[in-house]
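Asks:
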Amino acid sequence: KKAEIIIDKYFLTGKVDKRIFGSFIEHLGRAVYEGIYQEGSALSDEQGFRKDTLDLVKELQVPIVRYPGGNFVSGFHWEDSVGPKDKRPAKPDLAWGVIETNEFGLNEFADWSKKAGSDIMMAVNLGTRGPEDAKNVLEYCNFKGGTYYSDLRKSHGYKDPHNIKLWCLGNEMDGPWQMGHKTASEYGRIAAETSRLMKFMDPTIETVACGSSNLTMPTFGSWEYTVLDECYDEVDYLSLHQYYGNYANDTVDFLASSKGMDDFISGVVAICDAVKAKKHGKKQINLSFDEWNVWYHSNEQDQKLEKWVRAPHQLEDVYNFEDALLVGSMLITLLRHADRVKIACLAQLVNVIAPIMTSDTGAWRQTIFYPYMHASVYGRGTVLNTQVLTPVYESKTYGEAPYLDSVCIWDEENDALTIFAVNKSLDEDMEVSCDLRQFEGCRLAEHIVLTNDDMKAVNTEADPNHVAPTHSDATKLENGKMHTVLGKHSWNVIRLT
Ligand code: AHR
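Counting in UniProt numbering, the final residue of the sequence shown is number 498, and the numbers go up one at a time with none missing.
1. Quick one: what's Tyr394 bridged to in DSSP?
2. Hey, out of Leu29, Phe73 and Val58, whose CA is closest to Trp178's CA?
3. Who pairs with Val408 in a beta bridge, going by DSSP?
4. Quick check on the DSSP output: the alpha helix (DSSP H) that includes Tyr141 runs from which residue to which?
5. Rounded to whole angstroms, how far is the Cβ of His484 from the Cβ of Glu447, which I believe are closer than 8 Å?
6. Is Glu173 near the ligand AHR, going by C-beta to nearest heavy atom under 7 Å?
7. Hey, quick one: how far does the alpha helix (DSSP H) through Cys346 stretch, first residue to last?
8. Determine, using beta carbons only, whether Ala345 and Trp309 come nearer to each other than 8 Å.
9. For Val83, which option in Asn287, Glu35, Gln367 and Gly106 has the closest C-alpha, if you only look at C-alpha atoms?
10. Of the residues Asp56, Gly128 and Tyr188, which one's Cα is nearest the Cα of Lys115?
11. Counting Cβ pairs, one atom from each stretch, are 3 or more of them under 8 Å apart for the segment 216-223 and the segment 154-166?
12. Among the residues of its own chain, which have a CB less than 6 Å from the CB of Asn103, if the five just before and after it don't count?
13. Where Val276 and Tyr226 are concerned, what is the direct C-alpha to C-alpha distance, given to the nearest angstrom?
14. Terminal residues of the continuous beta strand (DSSP E) containing Tyr244?
15. Out of Phe201, His157 and Ser156, point me to the one whose CA is closest to Glu133's CA.
16. Helix, strand or coil for Trp224, going by three-state DSSP, please let me know.
17. Where Glu441 and Ile449 are concerned, what is the direct C-alpha to C-alpha distance, given to the nearest angstrom?
18. Compute the Euclidean distance between the alpha carbons of Ala348 and Ala458, then round it to the nearest angstrom.
19. By alpha-carbon positions, which one of Tyr371, Val228, Ser299 and Cys142 ends up nearest to Thr184?
20. When the Cα of Phe322 is compared with those of Asp94, Ser214, His28 and Phe255, which residue comes out closest?
21. Compute the beta-carbon to beta-carbon distance between Leu385 and Thr14, rounded to the nearest angstrom, for a pair I have assumed lies under 8 Å.
22. So, at 6 Å on beta carbons, what are the nonlocal neighbours of Phe22 in its own chain, with the 5 sequence-adjacent residues on each side left out?
23. Give the DSSP bridge partners of Arg67, in chain order.
24. Thinking C-alpha only, which one of Ser151, Ala124 and Thr252 is nearest Ser196?
25. Kindly examine the ligand AHR and report whether one of its heavy atoms sits closer than 7 Å to the Cβ of Ala135.
26. Any contact between the segment 242-260 and the segment 324-333? By contact I mean 3 or more CB pairs, one from each, below 8 Å.
27. With DSSP run on the structure shown, which of helix, strand or coil describes Glu301?
28. When DSSP labels each residue in this structure, what does Glu323 get in the three-state scheme?
29. Distance, Cα to Cα, Ala192 vs Trp365?
30. If we ignore side chains and look at the alpha-carbon of each, how far apart do Tyr233 and Glu307 end up?
31. For Arg154, does the count of other Cβ atoms within 10 angstroms reach 16, so buried, or fall short, so exposed?
32. Taking buried to mean at least 16 other C-beta atoms within 10 Å of its own C-beta, is Ala271 buried or exposed?
33. Taking the C-alpha atoms as reference points, what is the distance between Phe290 and Gly380?
34. Measuring alpha carbon to alpha carbon, tell me which of Ala4, Ile7, Gln39 and Phe12 ends up nearest Gly363.
35. Lys2 and Tyr399 - do their beta-carbons sit closer together than 8 Å?
36. Just grab the DSSP bridge partners of Thr485 for me.
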């Protein structure tokens, strides 16, 4: 197969907001307990934070982490999670049918985030609670002192405010599974009032309103429109969530899911702009794709889980090589929409549908770790409007899908150009050319490849490097023109500096 990538250094999609490489830690399964925190483990530091997990999180350069949910947040009483640990109540978590001990809470997460080098994207409970409580938790986190909740924080040993700048107004409030789920107009009103009160308290924050839980929700479209109609002026972002699975074991169709994601983003952008037009609005609502990933491997096993235990092995998808390819394509899709997608969270970060897995004896990288790390480390700068002339195929679920997904990032500061590319063909390599004469003096730094003969290959604790990146010598630069061969079913990072 043959394809061409066309870029122009003056034809830009937009600057990459680093928060597009965010992730997510929910109080769910072993994400917190045994994932980022394990008191008494030889692998943990003096605060009980797993050092091996922290090292891998730093390798990913995760700029921001959403917390504490997810569905969990819709029943969360944040004040249970602060203050002396021996006074914190254990409570049933109705979202996941487990017991939450609250040994790890808001302040521990703030400390952990600092150590990880990440900012926090905090979610408030708009399920069983409302604006008053959201205002209180913001006061606890961001108010300098001299008030009830800010002084409470100080009495818990945190003199300085946490200064959390980004706040989610609830989680998946359209979903009937959600505690306190609402109709679009009920939610839109509450989101507007919550955001208004919170911004009275701290005008420097930004807020994210809940969009649909996924594209197949029966209320998709009308939910977005109605919610924004109520809260357009009060909020900054609208959320999108989407998970994919290869249930039918149809890999080509599964790999076309990024086309579905692309359509989803374009659709939500259109709705945001329709509400803007109707309101003669001045500002633009941007998108927060604050849950995205592959999630299906653990579904069956999770049906059998015992209820009301602590931190069970829940949502522990073991990712294979084809999942990594799709994650790569989804990252490319998010970057191609960098003009409107400002925040995105790979859901989640550790153990629960995650790039990092832990056991009592160590931590390792799942297959999806690699495209996520490459994008986060090399994908900062400006997205060039990347035209991809590629052969296409007819996928069952998403219609016409490209064999080649690609995006180019120009990091002017460091004089670096990075091309991310996925060849989705299962049986043919792809010859790709790209004219780089405008990028004078650029030299090939490296061509990183992730591929495997076995689409179902996985990494395990016993064999943690089974699926790992290698280097390719298939890329040549001659007179400013790049020629490369992208192996069949491969994720590629071509770095020019
Ligand atoms: O990430 C797992 C769950 O998926 C989250 O709790 C919820 O928001 C979504 O349905």
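For glycine and all other residues, C-beta sits at the position ideal for the given N, C-alpha and C.
Replies: Reading off the structure:
1. Ala402, per the DSSP bridge assignment.
2. Here the closest residue by C-alpha is Phe73.
3. Its beta-bridge partners are Phe421.
4. Per DSSP, the continuous alpha helix (DSSP H) segment holding Tyr141 begins and ends at Pro132 to Asn143.
5. Their Cβ separation, rounded to whole angstroms, is 16 Å, which puts His484 and Glu447 out of contact at 8 Å.
6. Distances between the C-beta of Glu173 and the heavy atoms of the ligand AHR include at least one below 7 Å.
7. Bounds of any alpha helix (DSSP H) do not take in Cys346; it lies within the beta strand (DSSP E) bounded by Val342 to Ala348.
8. In terms of Cβ geometry, Ala345 and Trp309 do not form a close pair [threshold 8 Å].
9. Considering only alpha carbons, the answer is Gly106.
10. Closest option to Lys115, Cα to Cα, is Asp56.
11. Flag = no, the segment 216-223 and the segment 154-166 do not touch.
12. Contacts found: Asp81, Ser82 and Arg89.
13. Just so you know, the alpha carbons of Val276 and Tyr226 end up roughly 7 Å apart.
14. Its beta strand (DSSP E) spans residues Tyr238 to Tyr245.
15. Ranking Phe201, His157 and Ser156 by Cα distance to Glu133 puts Phe201 first.
16. DSSP places Trp224 in the helix class (H, G or I) of the three-state scheme.
17. Across the structure, Glu441 and Ile449 are spaced so that their CA atoms are roughly 22 Å apart.
18. Computed Cα separation, rounded: 21 Å.
19. The option with the nearest alpha carbon to Thr184 is Val228.
20. Per the Cα distances, Phe255.
21. 7 Å between Cβ atoms; contact.
22. Residues Pro64 and Ser377 of the same chain have their beta carbon placed closer than 6 Å to that of Phe22, with the five preceding and five following residues left out of the count.
23. Beta-bridge pairing links Arg67 to Phe25 and Met122.
24. Of the listed residues, the one whose Cα sits closest to Ser196 is Ala124.
25. False, no ligand heavy atom lies under 7 Å from that Cβ.
26. In short, these stretches touch, since the Cβ pair count reaches three.
27. It is helical.
28. Look at Glu323 here: in three-state DSSP terms it is helix.
29. Cα-Cα distance, rounded: 39 Å.
30. Straight-line measurement puts the Cα of Glu307 at about 42 Å from the Cα of Tyr233.
31. By the 16-neighbour rule on beta-carbons within 10 angstroms, Arg154 is buried.
32. Label assigned to Ala271: exposed.
33. Spanning the alpha carbons of Phe290 and Gly380 requires a straight line of approximately 17 Å.
34. Of the candidates Ala4, Ile7, Gln39 and Phe12, Gln39 places its Cα closest to the Cα of Gly363.
35. No, Cβ-Cβ distance for Tyr399 and Lys2 is not below 8 Å.
36. Val433.
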